[in-house]
Amino acid sequence: MFEELSSKLDLVLKKLRGEGKLTEENITGSLREIRRVLLNADVNYKVTGEFIESVRERALGREVLQSITPGQLIVKIIHDELIGLLGGVSAEVGYADPPPTVILVAGLQGSGKTTFCAKYARWMKQQGRHPLLIAADVQRPAAIDQLEKLGKEIEIPVYLERGAGAVSITSKGIEHARKNARDIAIVDTAGRLHVDQEMMDEVAAIRDAAKPHEILFVVDAMTGQDAVNTARAFNDLLNFDGAVLTKMDGDARGGAALSLRATVGKPIKFIGIGEKLDALERFHPDRMASRILGMGDVVTLVEKVQEQFDEKKAVKLEEKLRKSRLTLEDFLEQLQQIRSMGPLDQVMGMLPGMPKLPQGAAVDEKALVRIEAIIRSMTPKERNHPQIINGSRRRRIAAGSGTTVQDVNRLMKQFDQMQKMMKTLTRKGPKGRRFRGLGLPS
Amino acid sequence: MGLSDLLGFSRLKTGLTRTRDNLTTQISRMVKGKTTLDDALLEEIEEMLIGADAGIDTSVAIAGEMKRLAREKRYVNDEELNALLREAVLSHFKQQDYCGFDEVVSSISKPVVVVVVGVNGVGKTTSIGKLANRYRQAGKKVLIAAADTFRAAANEQLEVWAARAGAGLLTQKPGADPAAVAFDSYTSARSSGVDLLIIDTAGRLHTRVNLMEELRKISRVLKKVDPSAPHEVLLVLDASTGQNGLNQAKQFKAAVDVSGIILTKLDGTAKGGIILAITSELGLPVRFIGVGEGIDDLEPFSAEAYVESLFGSERAVE
Ligand SMILES: Nc1nc2c(ncn2[C@@H]2O[C@H](COP(=O)(O)OP(=O)(O)OP(=O)(O)O)[C@@H](O)[C@H]2O)c(=O)[nH]1
Ligand SMILES: Nc1nc2c(ncn2[C@@H]2O[C@H](COP(=O)(O)OP(=O)(O)OP(=O)(O)O)[C@@H](O)[C@H]2O)c(=O)[nH]1
Ligand SMILES: [Mg+2]
Ligand SMILES: [Mg+2]
Numbered sequence: 132m133f134e135e136l137s138s139k140l141d142l143v144l145k146k147l148r149g150e151g152k153l154t155e156e157n158i159t160g161s162l163r164e165i166r167r168v169l170l171n172a173d174v175n176y177k178v179t180g181e182f183i184e185s186v187r188e189r190a191l192g193r194e195v196l197q198s199i200t201p202g203q204l205i206v207k208i209i210h211d212e213l214i215g216l217l218g219g220v221s222a223e224v225g226y227a228d229p230p231p232t233v234i235l236v237a238g239l240q241g242s243g244k245t246t247f248c249a250k251y252a253r254w255m256k257q258q259g260r261h262p263l264l265i266a267a268d269v270q271r272p273a274a275i276d277q278l279e280k281l282g283k284e285i286e287i288p289v290y291l292e293r294g295a296g297a298v299s300i301t302s303k304g305i306e307h308a309r310k311n312a313r314d315i316a317i318v319d320t321a322g323r324l325h326v327d328q329e330m331m332d333e334v335a336a337i338r339d340a341a342k343p344h345e346i347l348f349v350v351d352a353m354t355g356q357d358a359v360n361t362a363r364a365f366n367d368l369l370n371f372d373g374a375v376l377t378k379m380d381g382d383a384r385g386g387a388a389l390s391l392r393a394t395v396g397k398p399i400k401f402i403g404i405g406e407k408l409d410a411l412e413r414f415h416p417d418r419m420a421s422r423i424l425g426m427g428d429v430v431t432l433v434e435k436v437q438e439q440f441d442e443k444k445a446v447k448l449e450e451k452l453r454k455s456r457l458t459l460e461d462f463l464e465q466l467q468q469i470r471s472m473g474p475l476d477q478v479m480g481m482l483p484g485m486p487k488l489p490q491g492a493a494v495d496e497k498a499l500v501r502i503e504a505i506i507r508s509m510t511p512k513e514r515n516h517p518q519i520i521n522g523s524r525r526r527r528i529a530a531g532s533g534t535t536v537q538d539v540n541r542l543m544k545q546f547d548q549m550q551k552m553m554k555t556l557t558r559k560g561p562k563g564r565r566f567r568g569l570g571l572p573s
Numbered sequence: 004m005g006l007s008d009l010l011g012f013s014r015l016k017t018g019l020t021r022t023r024d025n026l027t028t029q030i031s032r033m034v035k036g037k038t039t040l041d042d043a044l045l046e047e048i049e050e051m052l053i054g055a056d057a058g059i060d061t062s063v064a065i066a067g068e069m070k071r072l073a074r075e076k077r078y079v080n081d082e083e084l085n086a087l088l089r090e091a092v093l094s095h096f097k098q099q100d101y102c103g104f105d106e107v108v109s110s111i112s113k114p115v116v117v118v119v120v121g122v123n124g125v126g127k128t129t130s131i132g133k134l135a136n137r138y139r140q141a142g143k144k145v146l147i148a149a150a151d152t153f154r155a156a157a158n159e160q161l162e163v164w165a166a167r168a169g170a171g172l173l174t175q176k177p178g179a180d181p182a183a184v185a186f187d188s189y190t191s192a193r194s195s196g197v198d199l200l201i202i203d204t205a206g207r208l209h210t211r212v213n214l215m216e217e218l219r220k221i222s223r224v225l226k227k228v229d230p231s232a233p234h235e236v237l238l239v240l241d242a243s244t245g246q247n248g249l250n251q252a253k254q255f256k257a258a259v260d261v262s263g264i265i266l267t268k269l270d271g272t273a274k275g276g277i278i279l280a281i282t283s284e285l286g287l288p289v290r291f292i293g294v295g296e297g298i299d300d301l302e303p304f305s306a307e308a309y310v311e312s313l314f315g316s317e318r319a320v321e
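Top to bottom, those sequences are chains A and B.
For the numbering used here, add 131 to where a residue sits in the first sequence, where the first one is 1.
For the numbering used here, add 3 to where a residue sits in the second sequence, where the first one is 1.
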């Protein structure tokens with residue numbers, strides 16, 4: 132996708148070749164293209180406009196180097212600018228003295244606050260802290276039960292009181308934390324609209340009672356243009372310290388992140404990447420920039436792969452990739468590693484160029500089992516020199532693996548595609564970054 | 004006679020009328036002193052639509068449509084321009100009102116089976132509570148089935164809503180097979196003379212292949228007992244959703260043949276403009292809108308009232 136964008140820009144900029152410099156005249160077309168990309172990614176239109184302006188300023192007069200195309204240069208400028216905007220200090224939460232450290236979580240209805248509270252409590256527990264969850268949502272039906280169940284699941288106590296008011300629950304909950312040596316108290320609040328005065332007053336009252344050390348604003352990654360309005364209203368009232376972007380496991384490009392950052396200037400601290408309570412990650416501005424530009428979350432994928440890969444194997448694979456001699460042996464090994472990484476559709480979703488899985492391309496676990504069986508029925512020679520696998524060998528392999536010749540053919544084709552894909556991935560990317568995680572030189 | 008007649012639509016009027024004059028006001032402001040539909044004005048209209056989440060393609064298309072209409076009809080003053088804009092936007096709806104969901108409910112031999120689907124946290128369960136209430140008010144016997152066996156306290160949440168609405172509720176243990184819940188609820192609905200069976204499902208992202216397959220299974224199981232079921236599959240969409248909404252609609256439609264949309268949380272400042280793309284591209288009618296967290300905060304959709312509200316007061320980043 133990233134390449135798609137820069138090649139699109141190259142088209143626009145074709146006439147620029149030989150001109151050597153980016154000028155007002157020759158970048159207008161590409162900026163229009165960028166505007167499209169950002170708007171499609173749900174970046175607020177005003178923010179988009181300002182962003183384009185700053186890119187224009189930065190781009191004007193820049194020399195186009197011999198080694199890259201004008202399109203690549205513009206994409207690089209934009210990417211850097213995006214990272215600059217999205218980045219910024221995001222301090223760790225410290226230890227309050229006296230304890231507990233109080234965290235207040237607020238946001239619109241259904242954005243993922245309660246789930247985040249539980250995820251964050253689990254995260255903190257893993258860092259050796261002793262969290263207490265406080266159920267201060269007295270509005271939503273069964274909100275208290277929900278937090279109670281989540282707390283049980285992660286074995287973290289929940290302070291709750293049925294029939295009481297949110298402010299009183301909060302105060303008593305924090306008191307409870309103090310008395311019971313819980314060093315961090317996480318307050319879950321009801322979802323509310325920024326235009327609902329009564330509810331906004333309530334959250335202000337909760338804040339006054341809780342005197343939180345940190346206030347986190349939870350935003351759904353699928354949010355569109357309205358993100359700026361809600362972020363601003365919540366920030367005006369609460370002056371929150373950071374934001375959490377949830378539901379990033381989908382195919383939303385998450386332009387809201389940029390809107391939010393540009394509007395209230397607060398850092399995004401975490402992203403939610405699933406419904407399960409371990410699906411929480413730190414926010415990475417560079418990945419978000421790539422995602423907004425449509426690159427696919429290559430880096431996340433690479434890091435996930437890296438976690439699984441044995442260093443030595445990675446080095447070997449890297450060599451092979453460079454020589455573009457990927458064998459079926461490697462293919463098998465990779466399949467096994469990919470399978471151990473988690474739900475396949477999730478992993479696939481992070482690959483560039485496939486932000487959403489088309490219906491036909493659904494990842495079928497059974498198919499993988501079949502592929503493994505087929506490769507296992509090959510001789511080592513066949514695995515290392517796939518080109519020797521002719522018709523009669525295919526028939527033998529099919530019989531040996533209990534599959535059909537069509538299955539074997541399909542695999543060979545997939546393998547071929549994968550080889551091509553690996554080649555494009557390892558080719559020097561437009562912004563000069565290589566496949567870091569695989570140990571390639573950068 | 005449809006239930007709409009029994010119920011009356013007084014709430015529809017109240018819900019969106021507060022923004023009724025805004026379109027005129029806003030357009031007037033924009034066209035002040037202008038005598039032609041120039042590019043600057045078109046651009047501003049385009050931005051207004053983009054700001055409402057209509058998306059760049061739809062917005063450009065509507066602006067283009069306006070230009071064409073203006074050339075055809077010769078635009079004279081802002082009132083006419085206002086009408087042109089409304090016409091251009093309205094043409095994106097194949098429907099003018101909420102497409103007789105009540106009639107659907109009345110015309111099928113009972114139980115009428117409605118499955119409610121959507122991504123996480125959009126308001127499925129709440130809308131089901133409201134929907135159940137709507138038909139209870141009209142004297143129908145309603146059963147809710149809790150086929151969300153995943154989310155923490157999904158059952159407890161529905162218990163509250165079923166009690167509020169005076170509807171029956173069928174639940175199973177957390178982790179139970181959602182299709183089995185659907186099947187049981189159908190059997191139970193049929194044997195106890197239920198008019199309307201509403202099945203709640205767990206929120207799921209449309210990109211999760213396995214979870215979409217789980218929805219298909221619910222639909223398959225229902226078809227086994229009643230080939231015409233489910234009679235309605237309602238996709239719930241949060242009005243604050245951006246361009247991703249179109250993908251959601253496409254994927255859910257592909258999986259379970261969605262027949263209509265409920266657009267929730269229109270009581271905020273988000274406009275839900277992505278439904279313009281959804282209705283024109285997929286031809287899906289919007290059945291209802293959600294305008295609050297209360298049990299009465301569900302209104303039948305009206306394209307006209309919606310178009311008025313689209314250009315309502317708070318625009319993004321004034
Ligand atoms: N896929 C996915 N789902 C999520 C994520 N975070 C939360 N959810 C789901 O989103 C839905 C709403 O989450 P909640 O935590 O209840 O949201 P909330 O903000 O507390 O909702 P209210 O209290 O009603 O305002 C649930 O179905 C969650 O499982 C995420 O990162 N990814
Ligand atoms: N303001 C407003 N809030 C709404 C509306 N509809 C639902 N909500 C709120 O949105 C939040 C999520 O609603 P649910 O009904 O639990 O959403 P869901 O789609 O069932 O969520 P999951 O089952 O977790 O996927 C709750 O806090 C509801 O009160 C609406 O029309 N307006
Ligand atoms: Mg909650
Ligand atoms: Mg629900």
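Ideal placement from N, C-alpha and C gives every residue a C-beta, glycine not left out.
Would you mind stating whether B:L161 and B:T174 have Cβ atoms separated by less than 9 angstroms?
The sequence position of residue 161 of chain B within the second sequence is 158, counting from 1. The sequence position of residue 174 of chain B within the second sequence is 171, counting from 1. Contact: yes.
Host alpha helix (DSSP H) of B:P181 (start-end)
As a position in the second sequence, residue 181 of chain B is number 178, starting the count at 1. Residues 181 to 194.
Against chain B, does A:V326 count as a neighbour if the rule is that its beta carbon must be under 9 angstroms from one of theirs?
Reading the first sequence from its first residue, position 195 is the one you call residue 326 of chain A. At least one chain B Cβ lies under 9 angstroms of A:V326.
Interface residues of chain B facing A:P272 [CB-CB closer than 7 angstroms]:
As a position in the first sequence, residue 272 of chain A is number 141, starting the count at 1. Under the 7 angstroms cutoff, chain B gives Q160, V163, W164.
Determine, for A:F440, whether the minimum Cβ-Cβ distance to residues of chain B falls below 9 angstroms.
As a working note, residue 440 of chain A is residue 309 in the first sequence. With a pLDDT of 44 at A:F440, under the threshold of 50, the predicted position of this residue should be treated as unreliable, though the coordinate-derived value follows. With 9 angstroms as the cut-off, A:F440 does not count as an interface residue toward chain B.
Just checking B:N158 against ligand 1 - is the residue's beta carbon closer than 8 angstroms to any of the ligand's heavy atoms?
Position 155 of the second sequence, counted from the start, is the residue given in the question as residue 158 of chain B. Result no, Cβ not under 8 angstroms from ligand 1.
Got a sec: which bits of the stretch 123 to 151 of chain B sit with their beta carbon under 7 angstroms from any beta carbon on chain A, in order along the chain?
N123, G124, V125, G126
Quick test of the definition: if touching needs 3 or more C-beta pairs under 8 angstroms, does the stretch 168 to 185 of chain B touch the stretch 281 to 288 of chain A?
no
For A:E156, is the beta carbon positioned less than 8 angstroms from some heavy atom of ligand 2?
Against the first sequence, residue 156 of chain A aligns to sequence position 25. Checking every heavy atom of ligand 2 against the Cβ of A:E156, none is found closer than 8 angstroms.
Do B:R154 and ligand 4 come close, with the Cβ less than 8 angstroms from some heavy atom?
The residue labelled residue 154 of chain B in the question sits at position 151 within the second sequence. B:R154 Cβ: within cutoff of ligand 4.
According to DSSP, is A:L170 part of a helix, a strand, or is it coil?
Numbered from its first residue, the first sequence carries residue 170 of chain A at position 39. Reduced to three states, the DSSP call for A:L170 is helix.
Nearest to A:L156 (by Cα), restricted to the options A:R187, A:K177, A:D228, A:D372:
On the first sequence, position 25 is the one that residue 156 of chain A refers to. This sequence places Glu at residue 156 of chain A; Leu is not what is there. Of A:R187, A:K177, A:D228, A:D372, the residue nearest in Cα terms is A:R187.
Please state if the CB of B:A150 and the CB of B:S109 are separated by a distance shorter than 9 angstroms.
Indexing the second sequence from 1 puts residue 109 of chain B at position 106. Indexing the second sequence from 1 puts residue 150 of chain B at position 147. Cβ distance not < 9 angstroms, so B:S109 and B:A150 don't count as in contact.
Under 9 angstroms Cβ-Cβ, which residues of chain D neighbour A:Q277?
Protein chains in the displayed structure are A and B, and chain D is not among them.
Measure the alpha-carbon distance for A:V174 versus A:I158 and round it to whole angstroms.
Numbered from its first residue, the first sequence carries residue 174 of chain A at position 43. Numbered from its first residue, the first sequence carries residue 158 of chain A at position 27. If I take the Cα positions, the gap works out to 21 angstroms.
Does ligand 3 have a heavy atom nearer than 8 angstroms to the CB of B:K127?
Stepping through the second sequence from its first residue, residue 127 of chain B is reached at position 124. No, Cβ of B:K127 sits at least 8 angstroms from all heavy atoms of ligand 3.
Chain-ordered residues of the stretch 46 to 61 of chain B with a beta carbon less than 8 angstroms from chain A
E50, I53, G54, A55, D56, G58, I59
Taking 8 angstroms as the cut-off, is the C-beta of B:F304 nearer than that to any heavy atom in ligand 1?
As a first step, residue 304 of chain B must be located in the second sequence, where it is residue number 301. No, the Cβ of B:F304 stays beyond 8 angstroms of every heavy atom of ligand 1.
Using DSSP's beta-bridge definition, name the partner residues of B:E311.
As a first step, residue 311 of chain B is located in the second sequence; it is residue number 308 there, counting from the start. Note: B:E311 sits in no beta bridge, so no partner.
Note the first and the last residue of the continuous beta strand (DSSP E) segment covering A:D245.
One-based indexing of the first sequence puts residue 245 of chain A at position 114. The amino acid occupying residue 245 of chain A in the given sequence is Thr; Asp does not appear at that position. Run containing A:T245: none in the beta strand (DSSP E); it sits in the alpha helix (DSSP H), 244 to 257.
beta-carbon B:T174 near ligand 3 non-hydrogen atom, thresh 8 angstroms:
Taking the first residue of the second sequence as 1, we reach residue 174 of chain B at position 171. Checking every heavy atom of ligand 3 against the Cβ of B:T174, none is found closer than 8 angstroms.
Return the residues of the stretch 294 to 328 of chain A that lie within a Cβ-Cβ distance of less than 9 angstroms from chain B, sorted by chain order.
G322, L324, H325, V326, D327
Out of A:R527, A:G192, A:I315, which has the shortest C-alpha to C-alpha gap to A:D228?
If you number the first sequence from 1, residue 228 of chain A lands on position 97. For A:D228, the nearest C-alpha among the options comes from A:I315.
Thinking B:A182 and B:V224 are a contact (beta carbons under 8 angstroms), I'd like their distance in whole angstroms, please.
Taking the first residue of the second sequence as 1, we reach residue 182 of chain B at position 179. Taking the first residue of the second sequence as 1, we reach residue 224 of chain B at position 221. B:A182 to B:V224, Cβ: 4 angstroms. Contact.
Against chain A, with Cβ distances strictly below 9 angstroms, would B:S243 count as a contact?
The residue labelled residue 243 of chain B in the question sits at position 240 within the second sequence. Closer than 9 angstroms: yes.
Say yes only if the C-beta of A:A321 is nearer than 8 angstroms to one or more non-hydrogen atoms of ligand 3, and no if none qualify.
For this step, residue 321 of chain A is matched to residue 190 along the first sequence. Yes, the Cβ of A:A321 comes within 8 angstroms of a heavy atom of ligand 3.
Using only CA atoms, which one of B:S191, B:T272, B:S262, B:G295 lies nearest to B:T282?
Residue mapping note: residue 282 of chain B aligns to position 279 of the second sequence, counting from 1. Of the listed residues, the one whose Cα sits closest to B:T282 is B:S262.
Would you say the beta carbon of A:Q240 comes nearer than 8 angstroms to a heavy atom of ligand 2?
As a first step, residue 240 of chain A must be located in the first sequence, where it is residue number 109. Checking every heavy atom of ligand 2 against the Cβ of A:Q240, one is found closer than 8 angstroms.
Taking three-plus beta-carbon pairs below 8 angstroms as touching, is the stretch 111 to 128 of chain B in contact with the stretch 200 to 215 of chain B?
yes
Measure how close the beta-carbons of A:V318 and A:A274 come, nearest whole angstrom, since I'm counting them as under 8 angstroms.
Here residue 318 of chain A refers to the residue found at position 187 of the first sequence. Here residue 274 of chain A refers to the residue found at position 143 of the first sequence. Contact flag wrong, Cβ pair sits at about 13 angstroms.
Between B:L240, B:G67, B:V294, which has its C-alpha nearest B:N123's C-alpha?
Mapped onto the second sequence, residue 123 of chain B falls at position 120. Checking every option, the nearest Cα to that of B:N123 belongs to B:L240.
Tell me whether the beta-carbon of B:S222 lies closer than 9 angstroms to the beta-carbon of B:V197.
Along the second sequence, one-based indexing puts residue 222 of chain B at 219. Along the second sequence, one-based indexing puts residue 197 of chain B at 194. The answer is no: Cβ separation not under 9 angstroms.
If the cut is a Cβ gap below 9 angstroms, which residues of chain B does A:K378 touch?
On the first sequence, position 247 is the one that residue 378 of chain A refers to. Neighbours of A:K378 on chain B, chain order: V122, N123, G124, L208.
Along the alpha helix (DSSP H) that carries A:A420, what are the first and last residues, could you check?
The residue labelled residue 420 of chain A in the question sits at position 289 within the first sequence. Here the alpha helix (DSSP H) through A:A420 covers 416 to 423.
Starting from the Cα of B:G58, find the closest Cα among A:R166, A:F182, A:A362, A:F401 and give me that residue.
Counted from its first residue, the second sequence places residue 58 of chain B at position 55. Per the Cα distances, A:R166.
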